[in-house]
Amino acid sequence: MASIDRICEGISRSLKLICLREGPGVRIALYLQSLLSVILVRVSPKDAPGAYWSMTSTAISLIIASVITSAQRKISLLDAIVVVYVLLLPVLTSAFGLSEMLEPSQRKGGTHPVHSPLLVIANWMRSALTYAFALYVWIAAPTLGSGPPECNEATRLIFFGESLPALASGAFSDIASQALLQPKERPKNEVLQECVTVVDFATGDTTDTSRFMQPRQIFYGTIKGMTDRILTWLPSGTERWYRLYGRTALIGLLASCAIIMTELELLLNKLEVNVNREWGFGQILLLLTLSPLLSLYESILSRNSTGPTTETRLIRFYIRRAKGLQRPRTEFDAYLPDIMDRLPEVLRKAQTPSPFAVVTIDEREMYTSRVEESTCDPDWDESFDVRVGDLSTIVVRVFDRKCIDQGLPEFIGFATLLPFALMPPPSKGGEQGVQEAHVKDVPLVREGKTVPAMAVSFSLSTDTRVPPGLPAVPQEVELQEMHIRRRVATAQLGDRKWGRKKDTRTYVYNVPDQNALDFKL
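The sequence shown begins at 1 in full-length UniProt numbering and counts up by one.
Structure follows, in structure tokens:
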């Protein structure tokens with residue numbers, strides 16, 4: 001008789017609050033929401049944040065409902081597993097979307113896109129809550145839920161097509177508690193030397209090129225989810241087809257596995273009653289599918305609603321130099337001028353800033369220059385390529401790294417320019433020649449007031465035939481590491497062979513901190 005009591009007659013339908021088993025309509029709404037969001041970020045990344053906010057709010061509400069019902073012991077182990085599988089969809093989709101929206105330009109030395117840090121933080125919180133709930137279900141599986149323990153033993157875990165006992169599918173590991181935060185990094189003084197060797201198999205010609213360039217840097221760090229980290233670990237491709245479809249196909253495959261495992265989880269487990277086949281169109285989750293749908297409509301159909309638009313132009317922006325820069329605040333502000341005059345030269349030099357420039361284009365693309373150590377007149381002379389339209393705005397902001405290191409206000413000032421005003425499109429019938437514009441000594445603005453003593457200089461040019469590089473390399477550099485990448489594309493028919501081989505060697509040089517050298521002397 002005791003053995004009969006330990007037989008599970010069927011897993012109860014207890015998760016009425018979350019409604020995952022109340023009909024396929026809600027589940028299909030989640031599936032469509034994820035699919036449309038992936039399509040949206042591929043078609044128009046700038047319109048995707050609204051859809052991802054909708055999906056993030058859906059996932060967070062689902063997690064909160066699951067935690068509450070788990071605390072009240074009104075959830076079964078099967079329901080908890082289904083919740084985890086369903087939450088994998090927004091985790092995968094958002095990780096793919098954010099990695100696409102935040103991915104730097106493919107051009108070496110290019111800009112970095114700018115998006116709201118709040119969306120990144122919300123995405124990380126949702127991912128962290130999902131992993132925490134999955135870990136809780138894993139640990140508490142034997143006694144989880146409102147049903148008897150015998151039903152937990154009878155619950156099956158569908159993992160990539162394999163039906164496994166839910167209570168014997170793994171054990172807790174310290175790896176599950178690894179850190180998910182990416183630490184912030186301040187701007188680093190590095191110089192890259194890229195040496196490229198191209199061999200043409202058809203002609204036998206060999207071409208060698210070399211250039212120095214400033215590596216792409218991010219002014220402020222962002223928090224990445226675990227799935228986004230996994231995407232960055234995968235082998236990367238450089239061809240156009242891979243950039244457009246490779247990661248999309250990968251995330252689609254993973255999402256399809258999550259959908260199939262969710263449906264099989266409900267199909268292969270023994271329930272007290274059959275799963276409800278009603279669609280449940282009154283559920284709010286289905287309405288949330290309209291968010292990415294409307295965003296797609298906005299990006300595709302409403303582009304010309306405000307009238308004819310012009311095509312963007314590819315220009316090269318040069319951040320030349322600055323003069324008269326002063327630190328916003330120093331550690332010596334409390335000293336009198338006569339005392340400062342008696343201090344050693346090394347300490348007086350500490351009053352000078354270590355400036356670097358952050359250039360933003362329409363607040364969507366960002367470029368960070370290198371740091372010039374202990375100087376009021378930095379000479380950056382760096383360049384990058386960017387596409388601008390007639391209404392584009394470029395803002396140059398100057399910061400002090402010394403103040404950042406010491407926790408003091410670091411903002412020195414900013415300057416704004418309109419590329420259209422400096423280089424208007426050619427007149428009708430005119431030649432499409434190279435245009436250049438040089439702007440010298442633009443005063444910086446700080447705290448709402450113009451400071452004529454501090455100014456920056458920059459240039460614009462439409463000549464982008466040669467990749468941007470550094471015109472001069474610092475004399476004192478230290479070789480840190482070297483990266484080698486080889487790409488081979490060949491085709492052979494009989495004795496005839498076509499294609500080429502391309503070897504790229506990148507040397508990373510570190511520019512020593514001049515302040516550290518001064519103190520050593």
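For every residue, glycine included, the Cβ atom is placed at its ideal position computed from N, Cα and C.
Exercise. Give the secondary structure of Glu447 by DSSP, where H, G and I count as helix, E and B as strand, and everything else as coil.
Key: Within the sequence shown, the letter at position 447 stands for residue 447. In the structure shown, Glu447 sits in coil (DSSP, three-state: anything other than H, G, I, E or B).
field: Residue range of the unbroken alpha helix (DSSP H) whose run includes Ala357
entry: In the sequence shown, residue 357 corresponds to position 357, counting from 1. Element bounds for Ala357: not the alpha helix (DSSP H) but the beta strand (DSSP E), 355-361.
How about Lys323 and Asp441: do their beta carbons lie closer than 9 Å? In the sequence shown, residue 323 corresponds to position 323, counting from 1. In the sequence shown, residue 441 corresponds to position 441, counting from 1. In this structure, Asp441 lies closer than 9 Å to Lys323 by Cβ.
Under 6 Å Cβ to Cβ from Ala258, same chain only, skipping five residues before and after it: list those, please.
The residue you call residue 258 lines up with position 258 of the sequence shown. Here the set comprises Tyr85, Leu88, Leu89.
- Message: Tell me the DSSP secondary structure of Lys323 in three-state form.
- Response: Here residue 323 corresponds to residue number 323 of the sequence shown, with the count starting at 1. Three-state DSSP puts Lys323 in a strand.
inquiry  = Report the CB separation of Val451 from Gly413 in whole angstroms; it is logged as a contact under 8 Å.
reply    = Locating residue 451 in the sequence shown gives position 451, counting from the first residue. Locating residue 413 in the sequence shown gives position 413, counting from the first residue. Yes, they are in contact, since the Cβ atoms of Val451 and Gly413 sit about 6 Å apart, within 8 Å.
- Closer than 8 Å by C-beta to residue 523: which residues in its own chain qualify, once you throw out the five before and the five after it? Chain order, please. Nothing can be reported for residue 523: it is not among the residues displayed for the chain, which extend from 1 to 521.
Under 9 Å between C-beta atoms of Ile315 and Asp362: For the purposes of this step, residue 315 is identified with residue 315 of the sequence shown, where counting begins at 1. For the purposes of this step, residue 362 is identified with residue 362 of the sequence shown, where counting begins at 1. Not in contact: Ile315 and Asp362 (Cβ atoms no closer than 9 Å).
| Alpha carbon to alpha carbon, how far is Leu77 from Trp124? | Residue mapping note: residue 77 aligns to position 77 of the sequence shown, counting from 1. Residue mapping note: residue 124 aligns to position 124 of the sequence shown, counting from 1. Between Leu77 and Trp124, the C-alpha separation is close to 25 Å.
On the DSSP bridge assignment, give the partners of residue 522 in chain order.
The structure shown does not extend to residue 522, since the chain spans only 1 to 521, so no value can be given for it.
Is residue 552 helix, strand or coil when you go by DSSP?
-> Nothing about residue 552 can be reported from this structure: the residues present for the chain run from 1 to 521 only.
Thr453, buried or exposed, once every other Cβ within 10 Å from all chains shown has been counted against 16: Position 453 of the sequence shown, counting from 1, holds the residue named residue 453. Residue 453 is actually Ala in this sequence, not Thr. Flag for Ala453 reads exposed.
Using the Cβ count rule (16 or more neighbours within 10 Å means buried), how would you classify Val43?
As a first step, residue 43 must be located in the sequence shown, where it is residue number 43. Under this definition Val43 is an exposed residue.
**Prompt:** Comparing alpha-carbon positions, which option in Arg401, Met261, Leu417 lies nearest Leu391?
**Reply:** Indexing the sequence shown from 1 puts residue 391 at position 391. When each option's Cα is compared against that of Leu391, the closest is Leu417.
Give me the Cβ distance between Pro409 and Pro328, rounded to the nearest whole Å; I'm assuming they're in contact under 8 Å.
Residue numbering aside, residue 409 sits at position 409 when the sequence shown is read from its first letter. Residue numbering aside, residue 328 sits at position 328 when the sequence shown is read from its first letter. With a Cβ gap of about 5 Å, Pro409 and Pro328 count as contacting.
Give the single residue among Glu190, Ile64, Met55 whose Cα lies nearest to the Cα of Phe133.
Counting from 1 along the sequence shown, the entry for residue 133 is found at position 133. Checked all of Glu190, Ile64, Met55; the closest Cα to Phe133 is Ile64.
Could you pull the start and end residues of the beta strand (DSSP E) that Leu417 belongs to?
Taking the first residue of the sequence shown as 1, we reach residue 417 at position 417. That run of the beta strand (DSSP E) goes 411-417.
Out of curiosity, what's the CA-to-CA distance linking Arg320 and Ser369?
The residue labelled residue 320 in the question sits at position 320 within the sequence shown. The residue labelled residue 369 in the question sits at position 369 within the sequence shown. If I take the Cα positions, the gap works out to 10 Å.
Mind checking whether Val191 and Phe212 have CB atoms under 9 Å apart? As a first step, residue 191 is located in the sequence shown; it is residue number 191 there, counting from the start. As a first step, residue 212 is located in the sequence shown; it is residue number 212 there, counting from the start. Result yes, Cβ atoms of Val191 and Phe212 sit closer than 9 Å.
- Query: When burial is assigned at 16 or more other CB atoms within 10 Å of the CB, is Leu267 buried or exposed?
  - Reply: Here residue 267 is taken as the residue at index 267 of the sequence shown, counted from 1. The residue is exposed, with fewer than 16 neighbouring Cβ atoms inside 10 Å.
Kindly indicate if chain D contains any beta-carbon less than 9 Å away from that of Phe212.
Checking the listed chains, one finds no chain D in this structure; it contains a single protein chain.
### Query
For Cys403, which option in Pro353, Val120, Asp208 has the closest C-alpha, if you only look at C-alpha atoms?
On the sequence shown, position 403 is the one that residue 403 refers to. When each option's Cα is compared against that of Cys403, the closest is Pro353.
Please state the DSSP three-state secondary structure of Met125. Mapped onto the sequence shown, residue 125 falls at position 125. It is helical.
What is the DSSP secondary structure of Val371, reduced to helix, strand or coil? Here residue 371 refers to the residue found at position 371 when the sequence shown is read from its first residue. Val371: coil per DSSP, three-state reduction.
Can you give the Cα-Cα distance for Asp503 and Asp205, rounded to whole angstroms?
-> Indexing the sequence shown from 1 puts residue 503 at position 503. Indexing the sequence shown from 1 puts residue 205 at position 205. Approximately 14 Å between the Cα atoms of the pair.
Problem - Cut-off 8 Å between Cβ atoms - residues of its own chain near Leu62, not counting five sequence neighbours on either side - result: As a first step, residue 62 must be located in the sequence shown, where it is residue number 62. Correct list, in chain order: Ile18, Val83, Val86, Leu87.
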